[in-house]
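Protein chains in written order, with my numbering: chain A, 685 to 843; chain B, 6 to 164.
Even glycine gets a Cβ: it sits at the ideal position worked out from N, Cα and C.
Taking it in order: structure first as structure tokens, then the write-up.
The structure is reproduced here in structure tokens:
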């Protein structure tokens, strides 16, 4: 691992980020915008699948998912760039490690969601209400992504 | 006045307790994701994304956005009083507050139009004026995020 971190630290990308005073604030701002797109869209989808706003058809609310993927792509890219900028700071950081674990769990939870909802049922019947299992998955998603925000914000304080 | 604020009980707690500051900062980030995330999704819907979602049915989501706004009103005030004169002197902070006032005004105006007295169950088609307001709202709220993030860079290091 040490070898990978050393290689990251000596990369051209690292020099570019550290050599430009505006790079870090720009990346951070983009990471916040990505966060809002990723988690904001998921809040709307999760709240609906938890049972709120029952007048919104389930197969209509999932159309916000492209926003989720755009947000995720922005944050994966900017996140990797932070890691390159200071690999020896992030890798051992406890809050960073917990955050990555929470992202992983949220990803697995999303796979479970995909398996648990029947898209065919969703499109054939708009009035159908989410099953109890699906409600729990949505609640878990909301909780995990909220913890991702909190853990990310804690990185500077848990060094 | 600013000195007095910095000496209040709340300000002292945020300044002196090791955990108060990161906890308030995390709440501010979570509140941000809720209010800006949901407001952006409502605006994206007005502009045509996820068009199967009835606009009037987003009222429940709007209420959650208001909850996020309350979280950030409280956490934001706590962050402000802990360092009142530095924030007051900060240009990005001043710009953020101006944009915030415009953003909240647009949010309230749009909510009156979408969820107003008509209590229509129908899927209202947004007028051109509503679409223009939604576009401005997206730009303004993005500006709130950018200005907010730059407070930490342009004037003094906050973390």
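- Burial check for residue 705/A: the Cβ neighbour count within 10 Å stays below 16, so the residue is exposed.
- Within the stretch 728-814 of chain A, the alpha helix (DSSP H) runs of at least 4 residues that lie entirely inside it are, in chain order, 742-745, 749-769, 771-774, 778-800, 803-808.
- The DSSP assignment places 64-87, 89-94 as complete runs of the alpha helix (DSSP H) inside the stretch 57-100 of chain B, in order along the chain (cut-off: 4 residues).
- Cβ-Cβ separation between residue 713/A and residue 150/B: approximately 7 Å, consistent with a contact (criterion under 8 Å).
- Rounded to whole angstroms, the gap between the alpha carbons of residue 20/B and residue 9/B is 14 Å.
- With contact defined as three or more Cβ pairs closer than 8 Å, the stretch 821-834 of chain A and the stretch 724-739 of chain A are in contact.
- Inclusion of residue 842/A and residue 786/A in the CB contact set at 8 Å is not warranted, their separation being larger than that value.
- In this model, residue 790/A and residue 820/A are separated by some 13 Å (Cα to Cα).
- Put simply, the CB of residue 42/B is near chain A, with a gap under 8 Å to one of its CB atoms.
- Taking CB atoms only, residue 774/A has no neighbour in chain B less than 8 Å away.
- Against chain B, a Cβ distance below 7 Å from residue 830/A picks out 35.
- In this structure residue 70/B is buried. Its beta-carbon is surrounded by 16 or more other beta-carbon atoms within 10 angstroms.
- Just so you know, the alpha carbons of residue 86/B and residue 44/B end up roughly 27 Å apart.
- Across the set 835/A, 701/A, 691/A, the C-alpha of 701/A shows the shortest separation from the C-alpha of residue 762/A.
- Assignment of residue 147/B by DSSP, reduced to helix, strand and coil, places it in the helix class.
- In this structure residue 830/A is buried. Its beta-carbon is surrounded by 16 or more other beta-carbon atoms within 10 angstroms.
- If you look at residue 27/B, you'll find it in the alpha helix (DSSP H) that goes 25-51.
- Between the stretch 769-783 of chain A and the stretch 77-97 of chain B there are fewer than three inter-stretch CB-CB distances shorter than 8 Å, so the stretches are not counted as touching.
- Distance from the CA of residue 26/B to the CA of residue 39/B, rounded to the nearest whole angstrom, comes to 20 Å.
- When only Cα atoms are considered, residue 121/B and residue 22/B end up about 44 Å apart.
- Taking C-beta atoms as the reference points, residue 740/A and residue 58/B count as a pair closer than 8 Å.
- Counting only the Cα atoms, residue 98/B lies some 10 Å from residue 157/B.
- Fewer than three Cβ pairs drawn from the stretch 104-111 of chain B and the stretch 748-765 of chain A lie within less than 8 Å of each other, which leaves the two stretches out of contact.
- Judged by their CB atoms, residue 119/B and residue 145/B are not nearer to each other than the 8 Å cut-off.
- Take residue 140/B, set aside five residues on each side of it, and the residues of its chain with a beta-carbon closer than 8 Å to its own are 48, 52, in chain order.
- Taking a Cβ-Cβ cut-off of 7 Å, residue 818/A has no neighbours in chain B, whose nearest Cβ is about 18 Å from it.
- Within chain B, no C-beta atom comes less than 9 Å from the C-beta of residue 825/A; the nearest is roughly 13 Å away.
- In the displayed model, residue 130/B falls within coil according to three-state DSSP, outside both helix and strand.
- Per DSSP, the unbroken alpha helix (DSSP H) holding residue 688/A starts and ends at 686-693.
- Note that the C-beta distance between residue 155/B and residue 814/A is not below 8 Å.
- Take the alpha-carbon of residue 65/B and the one of residue 688/A: they are about 48 Å apart.
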